[in-house]
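**Q** After the structure tokens below, expect a handful of questions from me.
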Ligand code: A3P
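In our numbering, the protein residues as written are 1090 to 1385.
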């Protein structure tokens, strides 16, 4: 059995209309007043949509491909700090971000668009948003919440799925998150909106698109190298990418790099759950042009 001493799991509470746990709101004063720089790049996602994958690609594009030492020097969550996180004896995201000595700074957030510190918008920082279809996102989040002691206990899958539909998750409603960022993107050219499913289907193509959004002239060879380095099996084995060094996670319950697939929801949803989910989804997503694929 896992005997690592850990604080009790936090409870969910309302924070400006979004369900949160204290680990992501305790440092709010500093988060809200965070001073972004014009060349900062924000990686924004709903949890489990492919944050680490996108962060890894960005880190390689800007730094690690040319300085391979960087890849082994620090885990990805230090190279791309998690802005709003404050876990005692582990990480205060704003301090890590303030101490980054690179240009650009790569910074990760799971905040819904309306809670992003205003300085990122004032500085016109570029944002890479990654979204993942609701069903796979829910399944991945369920397994993550089982092993991550910084989140509330997930309970059984059926009740978890109901809470996912009700938006009672850490960082709130998936539906509000993905549509909120999508609507903002329509009037904000600084946002590049990507899909996990597209990355699985053709990682190279998505790296191309990212490079053209960022104005990076990486060579074909470099892009090919990055494609190879960010394959699921390679990242899963890499202790600097797979979160195995994080104290609040129990990898015996479930690994961080779990399956990396599109369509794993089919192994979790019952026929009834699927029908109810689809019906509810249509209602919640009826006013948006945003579309997802649940298989590729
Ligand atoms: P699964 O739980 O479905 O396997 P995040 O980084 O936002 O927390 O997202 C984690 C999810 O992205 C996990 O999904 C993880 O396996 C998947 N993932 C991470 N790196 C990946 C990669 N290189 N290729 C495919 N999936 C990846």
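Each residue gets a CB set at the ideal place from its N, CA and C atoms; glycine is no exception.
Within this structure, are the beta carbons of residue 1120 and residue 1147 separated by less than 9 Å?
**A** No.
**Q** Report the option in 1099, 1118, 1374, 1113 whose CA atom is closest to the CA atom of residue 1263.
**A** Ranking 1099, 1118, 1374, 1113 by Cα distance to residue 1263 puts 1374 first.
**Q** Express the C-alpha separation of residue 1202 and residue 1273 in angstroms, rounding to a whole number.
**A** Cα to Cα, residue 1273 sits roughly 8 Å from residue 1202.
**Q** Does the beta carbon of residue 1313 fall short of 8 Å from some heavy atom of the ligand A3P?
**A** Checking the Cβ of residue 1313 against the ligand A3P gives no.
**Q** Taking the alpha-carbon positions, what's the residue 1136 to residue 1230 distance?
**A** Straight-line Cα distance between these residues: approximately 7 Å.
**Q** Three-state secondary structure (DSSP) at residue 1143?
**A** Looking at residue 1143 - three-state DSSP - the assignment turns out to be helix.
**Q** In the DSSP assignment, the alpha helix (DSSP H) including residue 1371 goes from what residue to what residue?
**A** Note, residue 1371: alpha helix (DSSP H), 1360-1373.
**Q** With C-beta atoms as the reference, is residue 1108 less than 9 Å away from residue 1261?
**A** Cβ distance < 9 Å, so residue 1108 and residue 1261 count as in contact.
**Q** Mind pulling the beta strand (DSSP E) runs of 3 or more residues that sit fully within the segment 1108-1178?
**A** Runs found: 1130-1134.
**Q** Have a look at residue 1386 and residue 1232 and give me their C-alpha separation to the nearest angstrom.
**A** With the chain covering only 1090 through 1385, there is no way to say anything about residue 1386.
**Q** Tell me whether residue 1102 sits in a helix, a strand or coil according to DSSP, three-state version.
**A** Looking at residue 1102 - three-state DSSP - the assignment turns out to be strand.
**Q** Could you pull out every unbroken beta strand (DSSP E) segment of at least 3 residues lying fully inside the segment 1234-1320, listed in chain order?
**A** Runs found: 1280-1284.
**Q** Do residue 1110 and residue 1239 have their C-beta atoms within less than 9 Å of each other?
**A** In this structure, residue 1239 lies closer than 9 Å to residue 1110 by Cβ.
**Q** Measure from the alpha carbon of residue 1363 to the alpha carbon of each residue in 1316, 1311, 1254, then state which is nearest.
**A** It is 1254 whose Cα lies nearest to the Cα of residue 1363.
**Q** Round the Cβ separation of residue 1193 and residue 1125 to the nearest angstrom and send it over; I've been treating them as touching at under 8 Å.
**A** At roughly 11 Å, the Cβ-Cβ gap does not stay under 8 Å, so residue 1193 and residue 1125 are not in contact.
**Q** Would you mind giving the Cβ-Cβ distance between residue 1138 and residue 1285, rounded to the nearest angstrom? I have them listed as a contact below 8 Å.
**A** 6 Å between Cβ atoms; contact.
**Q** Please list, in chain order, all residues of the same chain as residue 1095 whose beta carbon is under 8 Å from its beta carbon, the five residues on each side excluded.
**A** The residues are 1238, 1336, 1337.
**Q** In chain order, what residues of the same chain lie with their CB nearer than 6 Å to the CB of residue 1171, ignoring the 5 residues before and after it?
**A** 1182, 1197.
**Q** Any idea if residue 1380 is buried or exposed, counting beta-carbon neighbours within 10 angstroms, 16 or more meaning buried?
**A** So residue 1380 counts as exposed.
**Q** So, helix, strand or coil for residue 1379, using DSSP?
**A** Residue 1379 falls in the coil class under three-state DSSP.
**Q** Would the C-beta of residue 1334 count as close to the ligand A3P, meaning under 8 Å from any of its heavy atoms?
**A** No; taking the cut-off as 8 Å, the Cβ of residue 1334 has no heavy atom of the ligand A3P nearer than that.
**Q** Identify, in the order they occur along the chain, each residue of the same chain with its Cβ nearer than 8 Å to the Cβ of residue 1212, setting aside the five sequence neighbours on each side.
**A** Same-chain partners within the cutoff: 1125, 1126, 1127, 1129.
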